[in-house]
Structure formats: structure tokens, C-alpha cells
Amino acid sequence: MKFTRDNHTHLSIRRIERGALTIGEETFTESIALTSDTLLRDWPELAVDQLDLNALQRLLDEKPEVIVLGTGWQHQFAPRELMFDLARRGIGLETMDTPAACRTFNILVGEGRRPAALLLID
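Given below as C-alpha cells:
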């Protein structure tokens, strides 16, 4: 069986620890959003219950099929209205703690899907 190297250049979350995560070779200590090929830096620090469509507009502009929301080290639920608003647009929203969100994002990217992630770091 012949193996070939995957030469696609997708962003990958390499490490998560309390207070920091590493994407590629760069470490971040503040909340960040990303897609498989775009880092959305300088993400405003918002609590999960403050999230709405306006707060997620930069992510929505990337046209994801699903948004993976990492809510910090403790899982929190996103506002119901946000979940309904995204569903009406055909975009899934999955909420989980940030370490699980990092793993999920990497899996979705590896499957060739178009995820976006908002990763809250605490």
C-alpha cells in the first residue's frame, strides 16, 4: 500500500492547558476564534450568556457549516435564542468545554468539513 503525505495547510490546535492554547506554533492566552484556515484574533471577551448573532458576525462571515463553542474549563450552554438563530441559517452550534472543543474542531477539519471554533480561555 502506498502512502502519500497530506500537504494541505490547515490550522490545527496542538495543545490546550488552563489559561493557554497552542495553534500551529503560536500560543494564545486570550479567547480566540478560528476556521480551518483563518485565525480571528482580538476576539472580544464575552461571557457565554452574552453571545448572539452580532457577537458571532466575524465567524459567520467565514460561512461555517458548524460552530464549535468552547466555554472554558466548565461546560456552559449557549443562549437558546442563539441556537435557534443559527439553526434558521442552517449552521449547527455545538457547545462543550474548551478542551473538548479543541479536539472536536481538529476532528472536523480532518474530515474535510468547514467548522469554525470560538474558544474561550479561562
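If you count by this note's numbering, then the sequence shown holds residues 57 to 178, one letter each, in order.
Where is the CB? At the ideal position from N, CA and C, for every residue including glycine.
- Annotation for Glu86: Trp99, Glu101, Ile177 place their beta carbon closer than 8 Å to its own, counting only its chain and skipping 5 residues before and after.
- Counting along the chain, Glu82 sits inside the beta strand (DSSP E) bounded by residues 82 to 84.
- Note that the C-beta distance between Val124 and Ala89 is not below 7 Å.
- Counting only runs that start and end inside the region 74 to 145, the alpha helix (DSSP H) elements of at least 4 residues fall at 113 to 116, 136 to 144.
- Rounded to the nearest angstrom, the gap between the Cα atoms of Asp153 and Leu109 is 21 Å.
- The shortest CA-to-CA distance from Leu107 to any of Gly80, Phe84, Glu73, Leu149 is the one to Leu149.
- Rounded to whole angstroms, the gap between the alpha carbons of Gly168 and Asp105 is 30 Å.
- Glu137 has its alpha-carbon roughly 23 Å from the corresponding atom of Thr91.
- Between the C-alpha atoms of Glu121 and Gln113 there is a straight-line separation of about 14 Å.
- Shown here for Ile147: same chain residues with a beta carbon closer than 7 Å to its own, the five before and five after excluded, namely Pro120, Glu121, Val122, Ile123 in chain order.
- With respect to the 7 Å criterion, Thr78 and Arg70 are classified as neighbours on the basis of their beta carbons.
- Boundaries for Gly168: no alpha helix (DSSP H) harbours it, and the DSSP string shows neither H nor E there.
- The C-alpha of Phe140 lies about 36 Å from the C-alpha of Glu81.
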